[in-house]
Structure formats: structure tokens, C-alpha cells
Amino acid sequence: MTGPAVAFPERAKAALADPVLGTALAKLQSEFRRDRAAMLSRMPEFEALRDRAMAIRDHALARLDALLEEFERNVIAAGGHVHWCRDAAEARETVTALCRAAGATTAAKSKSMLSEEIGLNAALAEAGIVPVETDLGEYILQLRRETPSHIVMPAIHLNAGQIGETFRESHGGLDADRDLGDPDALLAEARATLRRRFLEADVGITGANALIAETGSIMLVTNEGNADLVHSLPKTHIAVAGIEKIVPALDDAMAIVRVLARSATTQEITSYTTLVTGPARETDADGPRGFHVVLVDNGRSTMLAGPYADVLRCIRCGACQSLCPVYGAVGGHAYDAVYAGPVGAVLTPALDGLKKAAHLPQASSFCGQCEDVCPVRIPLPSLMRRLREDSWRRPDIPVAGKRLIRIWAWAARRPTLYRLVQRIEIAALRLLAGRRGAIRSLPFAAGWTAARDFPAPEGGGFVDRWHASRREPRS
Amino acid sequence: MSARDEILAAVRAGAAMRQAATPALGPVLPARATGAPETLRDRFVEMARLAGATVDPAFGRDGVPAALSAFLSRQGLGDRIVLSLEPSLANLPWRAAPRLQVRPGTPTPGDTVSVTAAIAGVAETGSLLVSSGPRAANAAHVLCETHIVILPAGDIVGGYEDALARLRREGGAMPRAATFITGPSRTADIEKTPQIGVHGPRRLHILLVDE
């Protein structure tokens, strides 16, 4: 077996041993829990808002073809262009060609998970176009040549000291005495550097938090305001978006806004929520002359026809990551996937194939918190369970303990044999435990006995005890 | 078959397999997005302040230049402003505040204070809906360190939908860019520490004009 499935336990082990990561994740999860509770107390209608958001997303998926056509018509009517891409390679080629046609040497980017999914930055760099990430977290990661470890808090795995070192290495001519130890100094340094990059960029590339069929608008949601500089300063604006991002009307987009920030960062709304419709009009005071929407399928239309279509409701808030106990223990990078955590466990097999991503749905305790917080009520545990079943049925996918479980299933269908083996097992464990009634170390359960004793079974197996209780008259 | 037709055919097949959409659930409006004008005004001020904006009252349109000038000197922000070309701003009595150096037009990277109008204030979250157009540059909303918005109290509405209805009533078609601005630019990307003023304004100040 090759690929991430082998390496996941290794990466998880390394992550568990990383004290910086551990501190960061503990802070993320405890604060998210606390702040989300406070948000809920301020917004008594939140459950109804979730129902509404879910209904809108479901409705949009059931009419996705018609809505995409309506969206395309309205983008064109507003003076923009729509490009359709079957897969990541087509999307990379399309964006690169648009940048070339604009004569671009640099492209300012605002945070887009889709651009991570299609590997856009590497393709642009290869074509001689310098991509500049402008979201502070993404910018830090770009300098460090790392990938986001959380959907909305991409650099959550780093501390200020690490970021200061990165700036010192990457920003030429920084005074060695200059204190970059605290977040404020780092922010000032990043703001100054990035402002220059904004002004020299030829093309602005954004994602889209929603595509609005009614008006041909795209919605951009940020706290930093970087998307608003990216879509307005350069002379060409390119938005990349998954085809599932459609909502029918403007008011539907606002219904999504009501649950998006509350779920992502527990804010009421982010600082900037922008609706962009077409390029600058002839008489506009500013704005780009070219507006392009690159619609990317990359497995989504296939997903829509299958059992995992519900995950297409996702609005990329990252709440399922912020609460997941597995994500909270190992962080996003251990998953080795663009989308980590519960939603990634469902999305990644659809995007990369189950064989490559079979380890992801295994990385869950099925505690169900992801479904509890999902603003569009995606049944993530059920979908992960179904993916486990798919893996089980695939002979080419090794599942941990597959053989042992097969042996157990074989024996379980032979009750007499099963009970005989069980009696022997119980007797052996009792013998091992001696008078203490507990076992210090067991060869097949070393992970358990490393930190605690294994209690010896008391009484017989369930069936034996059932029969015994039926023989004894109840008192 | 073109990529477009191929994708649409696959989507059509997939969409047809989804059950008829969930029975249409009517719009859900939080209670805080509704109320009498006076209630909405007070809620707007409360929510905008919670989001990190500052709000000063200006008594009548004639009081705006003086209130603005007072804010700038209180904050030590100098006397220069770039004034958006929106008609509601041009005919304010700017001569009443002689210290102010008013440059009408679009801000450039060296400018520090931008003054604009807004389509509406949204009580629900203390947001401002602003729009770009011939007389309103998008840069005026994000480029300067300080953004000051002059908002008549009568332009405060309950929810986002009400603000969008206003936007579309005034202009018909959508403008190139319409933005709900809620408080100053912020980030929590470094150690989850809340910080103000990343790319957009560090300060968002609202002059609320009660007639």
C-alpha cells in the first residue's frame, strides 16, 4: 500500500508530539465552544436559520442545472464572462490563460479553498505569474510553503514566534533589532508589504462564498477586507468557484450569511460581505475592466448523482473542524488533504478517489458533534459510516483489522464454537489476572495496558449468563 | 461536447435524482431585524458599536461638518478628507467647518481619511450597505485607514433584505460592487488573537444624522 493511508498514523503521531500544535488546537477548540455558546444565546432563532439555510442549499442542488444556466445568463448580461471547467487541470489552464491574456506578471489572491483544491498557485508560478496570497494567514503559509490546516483559520497551527521568523527570512532588509515578537508588529509588517503587492497586481483572483443566479453576482465574505482590494484594484477580476455554490436569489445569499460567520468564527457577520456583479461600468469611478467567473466541476456533478450529494450543501465554515475531537488532537495537516476534518473525510474521497482517501472516514469517533454544529445539517457521521462500508467492500482497500473482523464474523455465526472459544478466553484472562483481578500487560492490547491495567472478565459470557438467569427463579 | 454542455448534462442527471426540494420553507427573519424605526435606530447603534465601529450623533445635516471636524481632531487624524462624490454629501455646508480640507473624488493610496454615504444601515448587525458606482469608488470603502460614513437615521432598516431592496429600488440593476461593512477590518489569523486593521480601515466611524 502506498500514499497517505500508510502515512496517516505516522503523521498523527508526529502531530500529537508537537507542543506548539497542541497548544494552538486546545485554544481553538475551547474558545470556539465558549464563543459559540455565547453566539447562540444572542441569536435565539439560530436553529430556524439553520433550517432555512439547509432548505436553500437543498433546493439549489435539486435545480442546479437550471440555476447555473440562469447564473451564466446574468453574468453575461452584466458584462462578465463564464468559463466551465470539467476538472482541476482545465481550471488551472483556464485561469492561467486568462492571466496571460491580461498580460499579468503578478496576481493578487484572496483566500479560496477551491484554488487550493485545483493547485492554482503552482500552475500560475510555472507560467511565470507570481501569485500573492493576501489573506494574512494564507500569506504566512505561502511564505512558509505550507498548506492551510483549517478552512477559515488557515495558519492556526503556527505561533507568533514562528511567523516572526518567517517574515525575517522572507521580507528582505528587516532590521535585526526590530521586534517581531508580538501579533501587532507582525500585522503592521504584513499590512505594509501586502499593500505594495496589491497596487502592483495586474489580476485579482478570488473564490466565491456563493453564486447568485438571480443577478449573476458572486458573494465574497472576509474580515480583513482583502477580497475587496483584490476585486477592485487590479484591472481584471477572476473568480473561481465550485458549481455547487449556487443559490437562487440575493435574499437566499443573505440567509447563508446569517449562518456562515456565526458557524465559522462565532461572529454575527464578518466585517465585509460583498456582492460583485460584472466588471466596472463605463462611468464607474473605479473597478476592473474584465470580470470572469471560472466554474469548476472537479467531481461535483458525479457526487450530485450519488449517495454523498448532501455534502455539496457545505458552505465551508469549518465548524466541523473546530469541534471535532480527532481534528483537535492531530490538526489539519495530519489528514494530508485540502479539506481536513469531518467534511474533508467526506469530500476528499469524492475528489481524489476512495483508495487514496480511505483513511479519512476512519479518523472519526462518530461522536456526532460535526452534525450538531453544521449550519446546513450535513449528516457527516452517516456519510463517513457509509464510506467505511464502501472501503470494506473494496478488496483493493486495506482496512485496519479487516482479517480479524472477518474471523470474528465467521465464529459469531457458529454459536457453539463461539461460546467455547469465549469460555477458554475468559478462563485464560482470569488465570493471567490472578488475585488482583487485573492484568498489567497484554500482548495484543499493548496500547491499552501501557497506561492502565486491563480488568479481568467477571462471570461468563452474555449467553451463558442469560441461560443461568433463566434457570434460577427470580427472587 | 463542450465542457459546459458536458457539465450541465451531468448536473441535470444528478439534480433529477435529488428528491423534489424540501418543502419550501418561508424566509426566516430574526426578531432583532424587525421593529419600530426608533427601536431599529437604537439597535443599529448598539450593534455597530459591538462590532467595533464608533457612532456619533450629528444634529441635522447642517451639523455634519462640525461633528466630523470634532471627531478628526479628537482622534488626531488631521484635517484632510477625501469626500465621495455622492450627491447627498456634496451639498452639506462644508464651509461651516473651515479647518477641514475637503478633496472631492476617489482616494489614492496616500490618503488617510475617506468620507462616504451609504445605501442603508442594518439594525440586525449594525452593518452599513455601501455601493460602488459613478459617484462612489469602491476604494473609498476599503483603501484608507479611517472610513467615515454619514448616515441619516431615516436610512436605517431592519434586516439585510430590506437594505438590498433599497439598493435595487434606487439603482434598478445591481451595481458592480455592494458591500455590507460591519466594523473595521480585522483578523485573528495569528494565534487566534483578535487584531484590527489588516487591509481595510482600522477605524469605522458613523455620523448618524437625526433630522
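Just so you know, the sequences run in chain order X and A. Here my numbering runs 344 ahead of the position in the first sequence, where the first position is 1. Here my numbering runs 1220 ahead of the position in the second sequence, where the first position is 1. The beta-carbon is built from N, C-alpha and C at its ideal position, and this holds for glycine as well. In this text, all values refer to a predicted model and were calculated from it rather than measured experimentally.
With C-beta atoms as the reference, is A435/X less than 8 Å away from V638/X?
-> yes
Three-state secondary structure (DSSP) of Y683/X = coil
Please compile the residues from chain X whose C-beta is within a distance smaller than 8 Å of the C-beta of Q1415/A.
-> P527, D528, L531
Simplified DSSP state of L1303/A, which is helix, strand or coil | strand
Identify the residues that DSSP records as bridge partners of M647/X: which are they?
-> M647/X is not bridged to any residue.
Can the beta-carbon of C443/X be found less than 8 Å from the beta-carbon of L468/X?
-> yes
Taking the continuous beta strand (DSSP E) assigned at L1348/A, which residues delimit it?
-> 1347-1351
Tell me whether I462/X sits in a helix, a strand or coil according to DSSP, three-state version.
-> coil
Can you tell me whether S1351/A is buried or exposed, with buried defined as 16 or more other CB within 10 angstroms of its CB?
-> buried
Member of A432/X, L372/X, A392/X, G634/X whose CA lies at the smallest distance from the CA of N642/X | A432/X
Which of the residues in the segment 541-571 of chain X, read from start to end, lie with their CB under 7 Å from any CB of chain A?
-> L543, T559, S561, N567, E568, G569, N570
Note down, in chain order, each residue of its chain lying with its Cβ closer than 6 Å to the Cβ of R814/X, except the 5 sequence neighbours on either side.
-> none
Does any residue of chain A bring its CB to less than 8 Å from the CB of A684/X?
-> no
One or two residues paired with G697/X in a DSSP bridge | G697/X pairs with nothing; no bridge assigned.
Hey, which unbroken runs of the alpha helix (DSSP H) at 4 residues or more fall wholly within the segment 733-791 of chain X?
-> 746-756, 759-777
Going along the segment 427-438 of chain X in order, which residues come within less than 8 Å of chain A, judged by CB to CB distance?
-> W428, C429, R430, E434
Where I1227/A meets chain X, residues with beta-carbon distance less than 7 Å = W428, R430, I587, D641, S645
DSSP on P824/X, reduced to helix/strand/coil?
-> A query on residue 824/X cannot be resolved here, the shown segment of chain X reaching from 345 to 819 and no further.
Closest residue to H581/X among A597/X, R606/X, D630/X, I741/X (Cα-Cα distance) | D630/X
Cβ-based neighbour list, A599/X, same chain, cut-off 6 Å, excluding 5 preceding and 5 following | R396, A397, I400
Are C714/X and L724/X closer than 8 Å when you measure CB to CB?
-> yes
Where do the ends of the beta strand (DSSP E) carrying A1278/A lie?
-> 1274-1279
Take the Cβ of R644/X as the centre, count every other Cβ of all protein chains shown within 10 Å, and call the residue buried at 16 or more, exposed below.
-> buried
Secondary structure at M383/X, three-state DSSP: helix, strand or coil?
-> helix
Counting contacts by CB-CB distance shorter than 8 Å, is N1358/A in contact with chain X?
-> yes
Where do the ends of the alpha helix (DSSP H) carrying F542/X lie?
-> 527-544
DSSP three-state assignment for R652/X, whether helix, strand or coil = A small fix is needed here, since residue 652/X is Tyr in this sequence, not Arg. Looking at Y652/X - three-state DSSP - the assignment turns out to be coil, as it is neither helix nor strand.
For L372/X, return the contacting residues in chain A, with the cut-off set at a CB-CB distance below 8 Å.
-> K1412
Buried or exposed by the 16-neighbour rule on C-beta atoms within 10 Å, applied to I1410/A = buried
Straight-line CA distance for G347/X to H677/X?
-> Only weak support exists for where G347/X lies, its pLDDT of 47 falling under 50; the value from the coordinates is given anyway. Cα to Cα, G347/X sits roughly 15 Å from H677/X.
Is it buried or exposed for C711/X, if we count other Cβ within 10 angstroms and need 16 for buried?
-> exposed
Residues of chain X with a CB under 8 Å from the CB of E1431/A: which are they?
-> Ordered by position in chain X, no residue passes the 8 Å Cβ test against E1431/A, which lies about 28 Å from the chain.
Have a look at Q766/X, A452/X, L775/X, V426/X and flag the residue whose alpha-carbon is nearest the alpha-carbon of T537/X.
-> A452/X
Should I749/X go down as buried or exposed, given a rule of 16 or more other Cβ atoms within 10 Å for buried?
-> exposed
For A349/X, I'd like the list of residues in its chain whose CB is within less than 7 Å of its CB, leaving aside the five on either flank, ordered along the chain.
-> Any reading at A349/X is ruled out, since the residue's pLDDT is 48, under 50, leaving its predicted position unreliable.
Would you mind sorting F806/X into buried or exposed? The rule is 16 or more other CB atoms within 10 Å of its CB.
-> exposed
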